[in-house]
Each structure stands twice: as structure tokens, then as C-alpha cells.
Amino acid sequence: MIFAIDISGGVFLHMLNPFSSRRSWKRIHEYPYIPMREGMGFAALGKRLFVLGGCGWLEDATDEVYCYDAAINTWFDVVPSLSTKRCYFACETLDGKIIAIGGLGLNPNAKRTWDIYDPLTRTCKSCSDVNIVPEIEDSFVMDGRIYIRGGGGGSSSAVYSASSGIWEHMDDDMASGWRGSAVVVADELYVLDLR
């Protein structure tokens, strides 16, 4: 399934089954309590889509997390919420967990923190590290690591290893080629060069 979020006038979720003979977008059951927000994070685990954080014109960053279960066509609140209220952050999945990284929030230190949400144990752990780059522009997961890129080139790129639990500055050769949006397909990294 392919999911698309539309935040014009509310928060609406659309779904496309690329294997269906009728390839058309279908608006699915909407969650009535998600206000229109920007800077939300999204993550998919199995048949569930998670919507995290965000902020609005009249609303500060939030720690709320919602989940859409495609198997039963139902939305529900996720408890606990994020440990840190945040918006405009990187959001990735790694080892069956959702990782919300950096961003803006009520706490000025939010940009140097990350939350690890484990849906199996329903726990959220807050962590911090000075190596997390501020103003994250892009992220991806490859080979069991999370890569993040800020706006300042190679010096503002970092990599997280789940096995060690620490962030390190990214290798200059790797960072120098990452100038645009990145995606990993079949263990190969593709970057859209916007120069």
C-alpha cells in the first residue's frame, strides 16, 4: 500500500494499492481529532501508519502520536506520546521501532534529542547527543543505520548506529554526494541532485 497525507483544510489520509486492477486513490476513514498541522512525522510499521508531532499557526509543537491500522481501517491514539514535543523533525523506522529525531519544539534542546518509540512494549525513550545536526533536511535508513543531513553540507551530517546507540559525524565522502532528497531501494541509495 502507498499512503499519502493531505493537510489542506484538515488531515486526510489517502491510500493506493499498486497491485489492484483499479489503481485509484481512495480516501480512507479519517481521524476526527487531528487538527491541521505542519511539520508532522510519518512512519509505517507493518500494516500501521503512525502520525507524530507537528505544529500549527496557533499551536505549539505537540507530542501527540496517532496510528492508522490498515488491517481494521481504524485510527487510535498511541500511548505514551513522544517524550519531546517536536515539529519539522526526521522520522525513520529501524529494528521495528520509530525514531523521531531533532526538529523544533518548546524545549530549545529538542534539536539535539531523539525519541525511540517501541510499539511492542508501548514505551518511548528520550535520548540526547550533541552530534545530532540541527535543522535536519533529509534522512534515510540503510544497513541498520540512520543517516541525517542538515543544511550545512558534510559538517552537518550524522549517522546513528542502533547497535551502539550513538551518533557520529558522517564520513566526508558519503556526505559530499548527498545534496538532495535520498531514498533507499533494494539496499541501494538514490539521491536527487538539486544543484
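Numbers 1 to 195, taken from the UniProt record's numbering, label the letters of the sequence shown in order. Every residue, glycine too, gets a C-beta built ideally from N, C-alpha and C.
Assigned exposure category for residue i - 16 Cβ within 10 Å defines buried
i: S139; result: buried
i: K26; result: exposed
i: I136; result: buried
i: A100; result: buried
i: W57; result: exposed
i: L52; result: buried
Residue i, DSSP secondary structure in three states
i: M174; result: helix
i: A110; result: helix
i: S156; result: helix
i: E92; result: strand
i: K85; result: coil
i: V79; result: coil
i: V183; result: strand
i: S24; result: coil
i: W167; result: strand
Proximity winner among the options, relative to residue i (alpha-carbon distances)
i: D172; options: R48, A182, V141, S157; result: S157
i: G54; options: L45, M36, D77, E92; result: M36
i: F19; options: F12, V185, D6, I2; result: I2
i: E92; options: N131, L13, T121, G144; result: G144
8 Å CB neighbourhood of residue i in its chain, flanking five on each side removed
i: S164; result: none
i: T74; result: H29, Y68
Own chain, CB closer than 7 Å to residue i, minus 5 neighbours either side, in chain order
i: T84; result: D63, G105, N107, A110, T113, D115, S126
i: L192; result: G180, S181
Sequence-distant residues of the same chain with beta carbon closer than 6 Å to residue i, five excluded per side
i: K47; result: A70, A71
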